[in-house]
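All remarks here apply to the structure that follows.
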Amino acid sequence: MILRAITVFSISLILISCGSGRQTTSQPREDGIITLKFIQLNDVYEIAPLGGGKYGGMARVAHVVDSIREIHPNTYLYMAGDFLNPSLLGTIKYNGERIRGKQMIEVMNAMNFDMVTFGNHEFDLDREDLQKRLDESNFSWISSNVKEITERDTLSFKINRDIGRIAVPASLSREITDVDGTKVRVSFFSVTLDSNPREYVHYEDYYSTAVNTYENLPTQSDIIVGLTHLKVEDDKKLALALPELDLIMGGHEHNNMIFDVSNTVIAKADANAKTINIHTITHNTATGKTDIDSQLFPIDDSISEDPEVRAIVEKWNLVLNNKIREVIENPSEVIFHADPPLDGTDSANRGIQTNMGEIITAAMFEAYDNEVDAALVNGGSIRLDDMLDGDVSSIDIFRVLPFGGSIIKVDITGDLLQRVLDFGKDSGGTGAYLQRFNIDESANGGWLINGEPLQGDKRYYSVAFSDFLLKGYDIPFLSEDNPGVLKVYTPSKNEIANDIRKAVILYLKSKQ
1 MILRAITVFS ISLILISCGS GRQTTSQPRE DGIITLKFIQ LNDVYEIAPL GGGKYGGMAR
61 VAHVVDSIRE IHPNTYLYMA GDFLNPSLLG TIKYNGERIR GKQMIEVMNA MNFDMVTFGN
121 HEFDLDREDL QKRLDESNFS WISSNVKEIT ERDTLSFKIN RDIGRIAVPA SLSREITDVD
181 GTKVRVSFFS VTLDSNPREY VHYEDYYSTA VNTYENLPTQ SDIIVGLTHL KVEDDKKLAL
241 ALPELDLIMG GHEHNNMIFD VSNTVIAKAD ANAKTINIHT ITHNTATGKT DIDSQLFPID
301 DSISEDPEVR AIVEKWNLVL NNKIREVIEN PSEVIFHADP PLDGTDSANR GIQTNMGEII
361 TAAMFEAYDN EVDAALVNGG SIRLDDMLDG DVSSIDIFRV LPFGGSIIKV DITGDLLQRV
421 LDFGKDSGGT GAYLQRFNID ESANGGWLIN GEPLQGDKRY YSVAFSDFLL KGYDIPFLSE
481 DNPGVLKVYT PSKNEIANDI RKAVILYLKS KQ
């Protein structure tokens, strides 16, 4: 039987609830009851606080974790995937190479993470960069269904440790003892969704792999935990299929949730450490009963920061701000208040028209003083994979569009524009899906430009494009060599259109 409470507690109440784990001067008698604290994060792309410093921040999380560990020694810290990418810092060169998640590993090492799994965004990195991050980490990795494709074989990813190359295990089992000698064995498995195909990554079927790994866990396991990075519907399927599964600490969705399915608690925290989940797991060795009380804990500016982690964050923030000041003077300037939030999630911007996409393309349109007919940007250029809520600063726009680039003006035939729009529509779910301004679908499935039907070969249109679009990567036939591209204007260094991020910042400032 599993008990679950969905509550938001202050840190003082959490510490009070941990009191039973405090060390005493005399050795207590074994009571057959052991309590563990599992602290869960997922989908954390930024090490510093967001929203003008109001929420998130790994130094604050570190303070909460250390406060609990001080009173309750059996406290463990987990990351349910998506932490190496995307981030603005990751795109910047430092000491001759892209940072690519190095800052996150340094922070997580300082926080003494216990275990992590792969999310889909870990494989945004190329093989060499991912290997560097694996080797730099001081914590355990686990994955039941993700393997590395090598020239010779498909095997578990390897981590270079002092004792040699260690394979990332499909499962882990740990015996934990409390101060009175009560012991419990906790076993873990982990599966990740296959949404990011790469030439060096093989995904085994998450469901059959999870079932097989679960069935081969040690028979003496007292508590079974899934550390997953799946869609919540798939987490539910596992909970229904695995009767002795006690807890799923999941990722991928960016919104908090805690609920029961069958005998399993399924929990996810908000992205970017806006919240964390604190699971209090109590096991009675005499009855075999496990109780789980899951608390959602907000991370905001009311929480102190751990000095060691704060120093690491400040070091990397200095690197970031120095780079951004090459483009804008004040990265921290609040330029807009987002209410409702601006949707910068991958799933939305690669499949539907979003308010984030509308703002970016409207800024592109205005960068040419409205002397274009429309504006287009590929959804894959929007890399935030999060919401912007409340105060928005200049640096947030760099997080949204970390690769920058210019806004070009393209004179394009109506026929080619129609092909481009049709291709974008058919590319839903990929980075080639197009966010649009002044372009709408008509009732009969055609396209409207400024409210008028697109006229095919009868005329040409001037369209503001992100420069990436004309390179043929997302839309293979769209390049300067296509005869339907009649003219391309590239802005000078001093024009607003020279940097899409500056254009968006100026546009938002004008809307305050």
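Quick note: the sequence shown uses full-length UniProt numbering, first residue 1, plus one each step. Beta carbons: idealized from backbone N, C-alpha and C, even for Gly. All values derive from a computational prediction rather than experimental measurement.
DSSP-derived helix/strand/coil call for residue i
i           : result
Thr192      : strand
Lys54       : coil
Val168      : coil
Met387      : strand
residue 525 : Outside the modelled stretch of the chain, which goes from 1 to 512, sits residue 525, for which no answer is possible.
Ser221      : coil
Lys509      : helix
Asp422      : helix
Asp467      : helix
Ile105      : helix
Ala5        : Below a pLDDT of 50, predicted positions are generally treated as unreliable, and Ala5, at 45, falls in that range; the measurement from the model is reported next regardless. Residue state, collapsed to three classes: coil.
Ile475      : coil
Ala503      : helix
Thr91       : helix
Asp124      : helix
Arg325      : coil
Tyr45       : coil
Gly21       : For Gly21, the predicted structure reports a pLDDT of 47, less than 50, and the residue's modelled location is therefore unreliable. The matter cannot be settled from this model.
Glu495      : coil
Arg198      : coil
residue 515 : In this structure the chain extends from 1 to 512, so residue 515 is not present and cannot be described.
Gln435      : strand
Residue burial classification, residue i (beta-carbon count within 10 angstroms, cutoff 16)
i      : result
Leu238 : buried
Pro49  : buried
Glu148 : buried
Leu217 : buried
Arg29  : exposed
Gly164 : exposed
Asn322 : exposed
Asn138 : exposed
Gly56  : buried
Lys289 : exposed
Asp205 : exposed
Arg310 : buried
Pro86  : buried
Val8   : Caution applies to Val8, whose pLDDT of 49 falls short of 50 and renders its modelled position unreliable; the value that the coordinates give is listed next. So Val8 ends up on the exposed side.
Gly81  : buried
Asp369 : exposed
Beta carbon of residue i nearer than 8 Å to that of residue j
i           : j      : result
Pro402      : Thr192 : no
Val463      : Leu417 : yes
residue 539 : Leu89  : Past the edges of the chain, shown from 1 to 512, lies residue 539, and the structure says nothing about it.
Ala286      : Gly52  : no
Met364      : Ile382 : no
Asn74       : Asp178 : yes
Ile47       : Val313 : yes
Met434      : Leu421 : According to the sequence as given, residue 434 is Leu; it is not Met. For Leu434 and Leu421, yes; Cβs fall inside 8 Å.
Ala374      : Asn438 : yes
Gly351      : Gly251 : no
Leu125      : Leu84  : yes
Ile248      : Ala267 : yes
Ile276      : Phe297 : yes
Ile335      : Leu77  : no
Ile176      : Ile166 : no
Val168      : Ile223 : no
Val225      : Glu253 : no
Ser171      : Phe189 : yes
Asn349      : Gly390 : no
Phe465      : Val504 : no
Chain D contact for residue i (CB, 8 Å cutoff)
i     : result
Gly32 : Absence of chain D from the displayed structure is noted, only one protein chain being present.
Cβ-heavy atom distance, residue i to the ligand GDP, below 7 Å
i     : result
Lys37 : This structure lacks the ligand GDP, and indeed carries no ligand of any kind.
Taking one C-beta from the region 57-64 and one from the region 299-316 each time, how about it: are there three or more such pairs within less than 8 Å? yes
Along the chain, which unbroken stretches of the beta strand (DSSP E) at least 3 residues long are found entirely within the region 246-287? 247-251, 257-261, 264-268 and 275-284
Check whether the region 387-399 and the region 478-493 touch, using three or more Cβ-Cβ pairs below 8 Å as the test. With the cut-off at 8 Å, the region 387-399 and the region 478-493 do not touch.
Would you say the region 242-252 touches the region 125-133, given that touching needs at least three Cβ pairs under 8 Å? no
Three Cβ pairs or more, each shorter than 8 Å: is that satisfied between the region 194-213 and the region 259-270? Too few Cβ pairs lie closer than 8 Å, so no.
Which runs of the alpha helix (DSSP H) fall wholly inside the region 327-376 and span at least 4 residues, in chain order? Correct list: 346-349 and 355-367.
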